[in-house]
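What follows is a short report on a single structure.
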Amino acid sequence: MNLTMRRNNTQRLQEEMEEHIALQTQENLRAGMTLTEARRQALLKLGAVEAVREHYHAEQTLPLVESLWEDLRYAVRQLVKSPAFTIAAFITFAVGIGVNTAIFSSMDAVVLHPLAVPRLDRVVTLSEERVKGGYEQAALANYEDWLRGSSSFEELAVRKEADMTLTGAGDAAHIEAAVTSASFFSVLRSTALFGRVYGPEESQPGRDAVAVLNYAFWQQHFGADPGVLGRKIELDQRSYTIIGVLPQSMQYPSTADFYLPFAPTPAQLSDRVERNYLVIGRLRDGVSVQQAQAELRTMAEHMAGAYPATNQGWTVHVESLLDGINGPYTPEYYRLLMGATLFLLLIVCANVANLQLARGVARRPEIAMRIALGATRWRILRQLLTENILLGLAGAVGGLAFGALFLHLTLITMPARVARYMSGWSNISLNGRVLFFSLLIAGLAGFIAGMAPAVDALRVNLVDQLKAGSRSSVGSGRTHRLRSIFAVVQISLAVALVIGAALISKGMNAWLHVADFYRPGTILTFNINLPKSRYGTPQKRAQWYDASLTRLRALPGVTQAELVSALPYDDNGWVRDVELENRPSVPGKLLSTLYLPVSAGYFDALHVPVVAGRVFNQGDSLSSLPVAIVSERFVAEHFPGQNPLGHRIRIGGRNSNEPWLTIAGVAKETNYSLWDSVQHTAVYVDAGQIPPASVTYAITATGDPLSVAPAARNALAGIDPAIPLDTVETYAQLLHDNLVGLAYVAALLGFDALFALFLAAIGIFAIMANLVSERTREFGLRIAMGARREDVLRMVLRRAGRLTAIGLGVGLPLAFALAHALAGMLHGVQPGDPLVFVLMALTILIVALAASWIPAWRAGRVDPMVALREE
Numbered sequence: 001m002n003l004t005m006r007r008n009n010t011q012r013l014q015e016e017m018e019e020h021i022a023l024q025t026q027e028n029l030r031a032g033m034t035l036t037e038a039r040r041q042a043l044l045k046l047g048a049v050e051a052v053r054e055h056y057h058a059e060q061t062l063p064l065v066e067s068l069w070e071d072l073r074y075a076v077r078q079l080v081k082s083p084a085f086t087i088a089a090f091i092t093f094a095v096g097i098g099v100n101t102a103i104f105s106s107m108d109a110v111v112l113h114p115l116a117v118p119r120l121d122r123v124v125t126l127s128e129e130r131v132k133g134g135y136e137q138a139a140l141a142n143y144e145d146w147l148r149g150s151s152s153f154e155e156l157a158v159r160k161e162a163d164m165t166l167t168g169a170g171d172a173a174h175i176e177a178a179v180t181s182a183s184f185f186s187v188l189r190s191t192a193l194f195g196r197v198y199g200p201e202e203s204q205p206g207r208d209a210v211a212v213l214n215y216a217f218w219q220q221h222f223g224a225d226p227g228v229l230g231r232k233i234e235l236d237q238r239s240y241t242i243i244g245v246l247p248q249s250m251q252y253p254s255t256a257d258f259y260l261p262f263a264p265t266p267a268q269l270s271d272r273v274e275r276n277y278l279v280i281g282r283l284r285d286g287v288s289v290q291q292a293q294a295e296l297r298t299m300a301e302h303m304a305g306a307y308p309a310t311n312q313g314w315t316v317h318v319e320s321l322l323d324g325i326n327g328p329y330t331p332e333y334y335r336l337l338m339g340a341t342l343f344l345l346l347i348v349c350a351n352v353a354n355l356q357l358a359r360g361v362a363r364r365p366e367i368a369m370r371i372a373l374g375a376t377r378w379r380i381l382r383q384l385l386t387e388n389i390l391l392g393l394a395g396a397v398g399g400l401a402f403g404a405l406f407l408h409l410t411l412i413t414m415p416a417r418v419a420r421y422m423s424g425w426s427n428i429s430l431n432g433r434v435l436f437f438s439l440l441i442a443g444l445a446g447f448i449a450g451m452a453p454a455v456d457a458l459r460v461n462l463v464d465q466l467k468a469g470s471r472s473s474v475g476s477g478r479t480h481r482l483r484s485i486f487a488v489v490q491i492s493l494a495v496a497l498v499i500g501a502a503l504i505s506k507g508m509n510a511w512l513h514v515a516d517f518y519r520p521g522t523i524l525t526f527n528i529n530l531p532k533s534r535y536g537t538p539q540k541r542a543q544w545y546d547a548s549l550t551r552l553r554a555l556p557g558v559t560q561a562e563l564v565s566a567l568p569y570d571d572n573g574w575v576r577d578v579e580l581e582n583r584p585s586v587p588g589k590l591l592s593t594l595y596l597p598v599s600a601g602y603f604d605a606l607h608v609p610v611v612a613g614r615v616f617n618q619g620d621s622l623s624s625l626p627v628a629i630v631s632e633r634f635v636a637e638h639f640p641g642q643n644p645l646g647h648r649i650r651i652g653g654r655n656s657n658e659p660w661l662t663i664a665g666v667a668k669e670t671n672y673s674l675w676d677s678v679q680h681t682a683v684y685v686d687a688g689q690i691p692p693a694s695v696t697y698a699i700t701a702t703g704d705p706l707s708v709a710p711a712a713r714n715a716l717a718g719i720d721p722a723i724p725l726d727t728v729e730t731y732a733q734l735l736h737d738n739l740v741g742l743a744y745v746a747a748l749l750g751f752d753a754l755f756a757l758f759l760a761a762i763g764i765f766a767i768m769a770n771l772v773s774e775r776t777r778e779f780g781l782r783i784a785m786g787a788r789r790e791d792v793l794r795m796v797l798r799r800a801g802r803l804t805a806i807g808l809g810v811g812l813p814l815a816f817a818l819a820h821a822l823a824g825m826l827h828g829v830q831p832g833d834p835l836v837f838v839l840m841a842l843t844i845l846i847v848a849l850a851a852s853w854i855p856a857w858r859a860g861r862v863d864p865m866v867a868l869r870e871e
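The numbering of the sequence shown is the numbering used here, which starts it at 1 and goes up by one.
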């Protein structure tokens, strides 16, 4: 109806204007003018027809809506008329926006919104902190005091982690359980998807045999069967009844397969020694994290006076749950990736702007004519920006498709063992926040890419453009400068990305081979967890380990089989407090070390020489004197200039129930962490003397170690079929999995760098091609006047070389700053690596000159007769 009314109004306006022109023409004829002159003067008196129409429509309609609709229609027509430009710009925008969309989607799920918890900013974690530095989990008795005495929290909850063996649901499986107080779900405002969660009445000893399933575990192990409620299962040979399933959005802790009620005994409730409970709480409205921490620290001072043996030197640390989940590194990695992809989007904008500048030269006659007919420069600027923003939004559609593919590849290549430690990873999707972000950056990219070309197009000389034979296809000096600036921007940003990606890739490659000395490709690893219900004594665990090693060493193709708690560079070591006999200790400042239970043959199997004293042997048993082997760094720090052999140490620090260990040997320094820049001291104990509940088996094979896995599984099933083997893989694969986060960063930076280099090459090629096209006559004249074709070719290449040199001059300082930022996050990156800087700079120079070769070759092949004939 509105369109019909508009057509009728337009028709009436046209009729009135024609009538007015006819009346004025008749009057001019009576004044003695010719017919042609009379009509011309009538039109001049009326003024610009288009301006009159626009003024009329502004009076009769909603001017902004009408004009925007006209701009959109005109923009679509112009883009359709230039298919080559439109397709090139669309693909460029789609890739740039798609990569940004994919990274933001991952960052949104993992860093910004990992948990679907209402008012997540009000949920905090509480830990105990040594006055002299260092965090620990909480002692249960201290938690009980906080619960009774603090007024800063609506609720507090406690949890601990438990490795358990699941039976009664198919094959025996190792699972991880979160044992929590009933208030845990209330703090997180979480309810069951179906069924229910447990309450306070089930947090009592003897009434706690109920379980709630994690959503992913319910899908994978129970086939998403809604009839699972009421089903009986066995965890560590104790029967539990499944009462509920949590929603997919509940992913805290991310590793939990089951949630079990915590039913503490009176002895546990009064324990202030064992700090192995995690505490979370929801702050009251109006209470800040700092206020809550101040209150708890005041309480900690009173508790230190009341319980000096266990609480002196300890205070309390409070931080948001979101910060605790993310840790220090994950947000930094994502900020790095987001910054790199935004760099890439700037390169995309510069590339499209260059295309628009080249297209704008051909559109100058059109723009000059529109200005001459009465269109304002603001009106034309808005029209040109509308074209670019529309192009950016169209690129967002392609970017969403590209981003979805990118995310799919990311999700399927992430090892499940790594993904389960990342809260929110399974929630990665193109949700509403991601769609809004994609549209926002698409509109901004279109605006940024179009603003400079639009302003340049408006600086048109009407007289020159409207003259017949004007040089409408030749850009002005200002246009050439703008195009050169955009090319330099592309090159400089590409330099930073390429060098940054090269540095990370080099560090990544070095880390992948850091453990080659141990021949990780020949070692099979898997984990075993012995349930407390059946292996609750050291004797039973020692018997299991002895029997299992005997069976594994007898397998065909196996040369060695040993027990370890951590392998070199696998970041799985257990840091524990340690006390030195007859050394005074400072309250709150305890010594710590890596605690490494191993079997006697570990040092030979992993090529870790014992440089002093002896290795473990068959005489080291449960009934013999407990001994330990310490690392060289341990000796350097605690026994400088002394012989450590014969001295005694105790794991667990003051008030520990652990036995005193006599130092029997000193092992060569070995690094057990890829990430820690400061290497820990280490204490090795004989797993036969102090058998742990959980260990890793390291089996050296003559052939493919994975081919030994079925036989190893059968051998251990012959001892106890209810003990599952967990995470069966080679040592090399274990190291690769530990590096997958860095590999993710390196791969994305590498993609950004390659695409940036590609766009920079296209930018140089486009500038040189346009230069040759505009100066064809000049090159022809030079050749006709005696210039050699090689001289013309070199002249074009020199121009490309100058632009590239300027880009390198700007980009290398950017790359140096980026390299130092990377080195601050990844200690394996060498920020001042001259080889990388030189090779990458030469690579970019070669690529730029190669991209300029075809235009330069065309310039040298210009036929002077053809060029002069066109002139």
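We put the CB at the ideal spot given by N, CA and C, even for glycine.
Computed from a predicted structure; not experimentally measured.
| Check | Outcome |
| --- | --- |
| N- and C-terminal bounds of the beta strand (DSSP E) containing Thr-670 | No beta strand (DSSP E) holds Thr-670; DSSP gives it neither H nor E. |
| Nearest-angstrom Cα separation, counted from Ser-492 out to Leu-384 | 28 angstroms |
| Cβ-Cβ distance between Tyr-731 and Leu-567 below 8 angstroms | yes |
| Segment limits, beta strand (DSSP E) that includes Pro-83 | Where Pro-83 is concerned, there is no enclosing beta strand (DSSP E), although the alpha helix (DSSP H) it sits in stretches over 83 to 107. |
| Buried/exposed call for Arg-471, threshold 16 Cβ in 10 Å | In this prediction, Arg-471 has a pLDDT of 47, which is less than 50 and means its spatial position is unreliable; what the coordinates show is noted afterwards. Classification for Arg-471: exposed. |
| Pair within 8 angstroms by beta-carbon distance, Pro-644 and Val-627 | no |
| Asp-570 classed as buried or exposed, judged by whether at least 16 other C-beta atoms fall within 10 angstroms | buried |
| Run of the beta strand (DSSP E) containing Gln-219, from where it starts to where it stops | From DSSP, Gln-219 is part of no beta strand (DSSP E) but of the alpha helix (DSSP H) over 215 to 222. |
| Reduced DSSP category for Asn-427 - H, G, I as helix; E, B as strand; rest coil | helix |
| Candidates Ala-102, Arg-335, Val-598 and Val-558, of which the one nearest Gly-573 by Cα | Val-598 |
| Proximity below 8 angstroms, CB of Leu-596 to CB of Tyr-535 | no |
| Reference Leu-716, options Ala-547, Ile-651, Gly-860 and Leu-812, closest by Cα | Ala-547 |
| Gly-710, DSSP secondary structure in three states | Correcting the residue type first, residue 710 is Pro in the shown sequence and not Gly. In the structure shown, Pro-710 sits in a helix (DSSP, three-state: H, G or I). |
| Which residues DSSP lists as bridging Ser-592, in chain order | Asp-577 |
| Residue burial classification, Arg-148 (beta-carbon count within 10 angstroms, cutoff 16) | exposed |
| For Asn-529, the residue or residues it bridges with in DSSP | Ser-694 |
| Member of Thr-265, Asp-285 and Ser-239 whose CA lies at the smallest distance from the CA of Val-123 | Asp-285 |
| Euclidean distance between Cα positions of Thr-559 and His-647 | 35 angstroms |
| Coarse secondary structure for Ile-723, derived from DSSP in three states | coil |
| Run of the beta strand (DSSP E) containing Ala-157, from where it starts to where it stops | 153 to 167 |
| Sub-8 angstroms separation of Thr-766 and Asn-354 beta-carbons | Sequence inspection shows Ala at residue 766; the Thr mentioned does not correspond to that position. Cβ distance < 8 angstroms, so Ala-766 and Asn-354 count as in contact. |
| Straight-line gap, Thr-180 to Gly-199 (C-alpha atoms, nearest Å) | 11 angstroms |
| Distance CB(Ala-815)-CB(Ala-848) smaller than 8 angstroms | no |
| Three-way DSSP call (helix, strand, coil) for Arg-471 in this model | Interpretation of Arg-471 is limited by its pLDDT of 47, a score under 50 that renders its predicted location unreliable; no figure is taken from the coordinates. |
| Val-397, DSSP secondary structure in three states | helix |
| Coil, strand or helix - Leu-674 by DSSP | coil |
| For Arg-377, the residue or residues it bridges with in DSSP | According to DSSP, which records beta bridges pairwise, Arg-377 is partnered with nothing at all. |
| Burial state of Met-865, where buried means 16 or more other Cβ atoms lie within 10 Å | exposed |
| Inter-residue Cα distance where the pair is Trp-660 and Thr-696 | 25 angstroms |
| Reference Phe-153, options Leu-126, Leu-512 and Val-498, closest by Cα | Leu-126 |
| Distance CB(Ala-510)-CB(Gly-750) smaller than 8 angstroms | no |
| Close Cβ partners of Gly-665 (< 7 angstroms) along its chain, the five nearest in sequence each way excluded | Val-610, Ala-612, Gly-613, Arg-614, Val-615 and Ile-629 |
| Contact with chain B by Leu-797, beta-carbon distance below 8 angstroms | Of the chains in the structure shown, none is chain B; there is only one protein chain. |
| Segments of 4+ residues assigned as alpha helix (DSSP H) that fall wholly inside the region 232 to 280 | 266 to 269 |
| Validate contact between the region 108 to 116 and the region 268 to 283 using beta carbons, cut 8 angstroms, 3 pairs | no |
| Exposure of Asp-225, with buried meaning 16 or more beta-carbon neighbours within 10 Å | exposed |
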